[in-house]
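As structure tokens, the structure follows; a few thoughts come after it.
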Amino acid sequence: MTPERIHPALWRATQLAKGAARNLPTGHASLSAELPDGGWPLGSLIELLTPHPGVGEIRLLRPALAQLETRRPIALVQPPHRPHIASWMSWRLDPRQLLWVAPQKPVDTLWATEQILKNGSCGALICWLPHVRPESLRRLHLAAQASDLLFIAIRPASAAQNATPAPLRLALAPAPGGLSVHILKRRGPVCDTPLYVGLEPGALTPSSPRHAPLDRRLPALPAAGRTTPALAA
Amino acid sequence: MRRAGAAAIAPQVELLPRQPQAEADTLHGAALALLQYTPEIALGDADTVLLNVGASLMFFGGPRALARRIRATLGALDVRVSLGMAPTARGAWLLAHRPGRRVPRRTLTLPTLTRRLDALPLALLPQAQARLDWLGDIGCHTFADLRALPRAGLQRRSTPDLLPALDAAYGQAPELYRWIEPPHQFSRRIELMDYVEHTDAVLAVARRLAEQLGGWLTARQLAVRRVVLSMEHERGRHARPPTELELALAQPVWQAPQILHLLREKLNHVTLEAPVIAVSLLAPDTVEQPAVSTTLFPEPGGTAADHARLLDLLVARLGRDQVRHAHPTPDHRPEAANSWGDALATPRPPQPLPPLLDRPFWLLETPLALKLSGHRPQYGGQPLRLVRGPERIESGWWDPALTVRDYFVAEDAAAARYWIYRERDAEHARWFLHGLYA
């Protein structure tokens, strides 16, 4: 008797959760294999921890964003820098989809995020929360559950030390030609080793013998319970 | 009761002169707000508003639901009401004026109305006031007693409008009313009883005005694109122009709660510089109400109107500059091409897609000068390794911002990608960070 037959929210600790109704394929086979249900869950808070802006977080989400209905906008709330339209267009995505919300106060950021989640007309919501209290995150997670948005919160890597209400939490770090993704929290067994996600088609993967040695170590990653190494500011 | 008598019984009572104009204004405002339920509204005598809701019952879900909504609307206007409902307007008027707290005031059929009216005291009927003593002396105290009297004799011995009023109440004679006409322009003003220094109190008044605006828009089949809330300050020595709050909407709206929601967000961010003595609401820009098309299956993510509502809400609280849409400009210089504009403006037609360029997703507002270690630029203490480049961008000779640059894609030791450039015309190569590959 498998536990998910009793209830979709049940799973064995050794296996990945299955049965969440709504998810969006990530577009990266190696990452999808490690995520519950094989994709980004919709209507749930997903935390991405980055050491600094610009490690490849948007490129990681790009295949998922490209699958959204073109009619539904993609909201960027309080991005750290100016989003570059030419980059978006070079990915063959419609720039009219982008909605850049730049609140001036942290309170307004949370308010705007919650309103976008409640309204539900956007297809995806990516918000940058450098400082946020766990209660606020829990509240946003609850608001997300009533919607079908792809809701990503991007937080600094130092947040890995604190608990989170998000069911899925990934720590990202740059890697040659891609990203190294460490799954810190998921509905499934603990993931010890970081994954490599290639972001450039035809780029050299770390296993390719010409330029990168096989035993190349991935950069140190923040993990729960460990102090974060000093990272490039 | 005289003024002195009242003061003797309750010395703390504050006596105010009666303001018939303000009363008439309130009544008219209530009638305007109720126009959202029926176009047939008349002002009755003794501060009464008469609504012919015969055609609206099905639409609003029956008499009970309609009464609840009317009560809520009037509650939002801070008006205390007693609602009567009957098949005849005069019958409803009498039931509404019936004294007592928990007496039935709603009837839907004529026989029940007849039974209810028969039990009412004659003193309720204004047309009977003139001969009330005489009628009491002959033992005629209720409507039933009056109807039992011979009509011809009653007609001769009482005021001529008594019998027609009685017949109208029982549904035996037709009633004629002059329905009120909604004005062509909406502009309502409420004078406040007191000086108001907080926006919360202004919001309470704005709620009354928004309800009236909602009624007016429904009656005239219009939707509003721009709303101006004007708060007037004290006149005299400290006279100052009224504070105006303008609400521009992405999508025309006509529902009062939506207008109020936006006004609330807008008002929360206003600090009053002087006390407010009057508040007025204007709707200068109206359009025809768009026809509502309902789809059989709801679309995921709601309609375009839902999204427009979201934009309105965000703009109302955060300000117009903080909610942006991409407005790409054809230019070779990245900072000039990457322009973001007003989200409420109509989007431009899509531009032809540019050739595939390798561009970073983050563009720094101002390029960051990089230090050099040896001949290599460094960022964050780490030397950068050039991966691709150069890409030469030389443009803008017609502008003060002439751009003569060689762009490179660089990587640091951790393999994070950066978009950096070297100024070409400088004598010593100066390096700048311009973008981050996200």
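Here the protein sequences come in this chain order: A and B.
Just so we're aligned, residue 1 is where the first sequence starts under our numbering, counting upward by one.
Just so we're aligned, residue 1 is where the second sequence starts under our numbering, counting upward by one.
From the three backbone atoms N, C-alpha and C, an ideal C-beta is built for every residue, glycine too.
{"query": "Going by C-alpha distance, which of B:Leu310, B:Phe361, B:Leu370 is nearest Ala343 (chain B)?", "result": "B:Leu310"}
{"query": "Using a beta-carbon distance below 8 Å, is Ala429 (chain B) in contact with chain A?", "result": "no"}
{"query": "Is Ile126 (chain A) close to chain B, meaning its C-beta is less than 8 Å from at least one C-beta of that chain?", "result": "no"}
{"query": "Who are the near neighbours of Val81 (chain B) in its chain, counting only those whose CB is closer than 6 Å to its CB and skipping five residues on each side?", "result": "Leu74"}
{"query": "Alpha carbon to alpha carbon, what distance is there between Ile190 (chain B) and Ser339 (chain B)?", "result": "43 Å"}
{"query": "My assumption, with CB atoms under 8 Å, is that Pro36 (chain A) sits in contact with Arg187 (chain A). Please give the rounded CB distance.", "result": "4 Å"}
{"query": "Give me the subset of the region 241 to 255 of chain B whose CB atoms are less than 9 Å from a CB atom of chain A, sorted by chain position.", "result": "none"}
{"query": "Applying a beta-carbon distance threshold of less than 8 Å, which residues of chain A neighbour Tyr437 (chain B)?", "result": "Gly54, Gly56, Arg59"}
{"query": "Alpha carbon to alpha carbon, how far is Pro252 (chain B) from Gln36 (chain B)?", "result": "17 Å"}
{"query": "Would you report the Cα separation of Arg3 (chain B) and Pro17 (chain B), rounded to the nearest angstrom?", "result": "11 Å"}
{"query": "Can you find a C-beta in chain B that's less than 8 Å from the C-beta of Leu234 (chain A)?", "result": "Given a span of 1 to 233 for chain A in the structure shown, any question on residue 234 (chain A) remains unanswerable."}
{"query": "Secondary structure at Leu42 (chain A), three-state DSSP: helix, strand or coil?", "result": "coil"}
{"query": "If I follow the unbroken alpha helix (DSSP H) through Leu35 (chain A), where does it start and stop?", "result": "From DSSP, Leu35 (chain A) is part of no alpha helix (DSSP H); its letter is neither H nor E."}
{"query": "By DSSP's criteria, Tyr454 (chain B) is part of a beta bridge. Which residues make up the other side?", "result": "Beyond the ends of chain B as shown, which are 1 and 438, falls residue 454 (chain B); an answer cannot be given."}
{"query": "For Glu197 (chain B), report the span of its beta strand (DSSP E) as first-last.", "result": "Here Glu197 (chain B) belongs to no beta strand (DSSP E), and DSSP marks it neither H nor E."}
{"query": "Please list the partners that Asn338 (chain B) has in chain A, where partner means a Cβ-to-Cβ separation under 7 Å.", "result": "Arg82, His84, Ile85, Ala86"}
{"query": "Tell me whether Phe143 (chain B) sits in a helix, a strand or coil according to DSSP, three-state version.", "result": "helix"}
{"query": "What does Asn162 (chain A) touch in chain B if you count any residue whose Cβ is under 9 Å from its own?", "result": "Going along chain B, no residue has its Cβ under 9 Å from Asn162 (chain A), so there is no contact; the nearest lies around 24 Å."}
{"query": "Looking at the strands, I want to know which residues DSSP matches up with Ser187 (chain B).", "result": "B:Leu282"}
{"query": "Are the region 104 to 120 of chain A and the region 143 to 157 of chain A in contact at 8 Å, needing three or more beta carbon pairs?", "result": "yes"}
{"query": "Quick one: using the 10 Å Cβ neighbour count with 16 as the cut-off for buried, is Ala53 (chain B) buried or exposed?", "result": "Reading the sequence as shown, one finds Val at residue 53 (chain B) and not Ala. With 16 or more other Cβ atoms within 10 Å, it is buried."}
{"query": "What do you get for Gln177 (chain A), buried or exposed, if any count of 16 or more other CB atoms within 10 angstroms of its CB means buried?", "result": "The amino acid occupying residue 177 (chain A) in the given sequence is Gly; Gln does not appear at that position. By the 10 Å Cβ count, Gly177 (chain A) comes out buried."}
{"query": "Helix, strand or coil: which one does DSSP assign to Asn443 (chain B)?", "result": "Nothing about residue 443 (chain B) can be read from this structure; chain B reaches only from 1 to 438."}
{"query": "Closest Cβ-Cβ distance between Ala8 (chain B) and chain A: below 8 Å?", "result": "no"}
{"query": "Looking at C-beta atoms only, is the number of pairs between the region 115 to 132 of chain B and the region 142 to 160 of chain B that lie closer than 8 Å three or more?", "result": "yes"}
{"query": "Considering Val107 (chain A), what are the terminal residues of the beta strand (DSSP E) in which it resides?", "result": "Note, Val107 (chain A): premise wrong, no beta strand (DSSP E); alpha helix (DSSP H) at 106 to 119."}
{"query": "Just the chain A side, please: which residues come within less than 7 Å of Leu314 (chain B) by C-beta, in chain order?", "result": "Val101, Ala112, Gln115"}
{"query": "Start and end of the beta strand (DSSP E) containing Trp362 (chain B)?", "result": "362 to 373"}
{"query": "Report the residue from A:Trp40, A:Ser32, A:Ala9 whose alpha carbon sits nearest the alpha carbon of Leu150 (chain A).", "result": "A:Trp40"}
{"query": "With a Cβ-Cβ cutoff of 8 Å, do Ala414 (chain B) and Ala173 (chain A) count as a contact?", "result": "yes"}
{"query": "Have a look at the DSSP bridge pairing and note the partners of Gln378 (chain B).", "result": "B:Lys371, B:Pro383"}
{"query": "What residues are listed by DSSP as bridge partners for Arg106 (chain B)?", "result": "B:Met85"}
{"query": "Just to make sure I have the definition right: I need the residues of chain B whose C-beta is within less than 7 Å of the C-beta of Pro41 (chain A). Which are they?", "result": "Simply none; closest approach about 16 Å."}
{"query": "Would you report the Cα separation of Gly332 (chain B) and Gly29 (chain B), rounded to the nearest angstrom?", "result": "The identity of residue 332 (chain B) in the sequence shown is His, whereas the question assumes Gly. Their backbone Cα atoms lie some 58 Å apart in a straight line."}
{"query": "Taking Cβ-Cβ distances shorter than 9 Å, what residues in chain B pair up with Arg22 (chain A)?", "result": "Under the 9 Å cutoff, chain B gives no residues; its nearest Cβ is about 10 Å from Arg22 (chain A)."}
{"query": "Could you work out which residues of chain B lie near Gln67 (chain A), taking near to mean beta carbons separated by less than 9 Å?", "result": "What Gln67 (chain A) touches in chain B: nothing, since even the nearest Cβ is about 13 Å away."}
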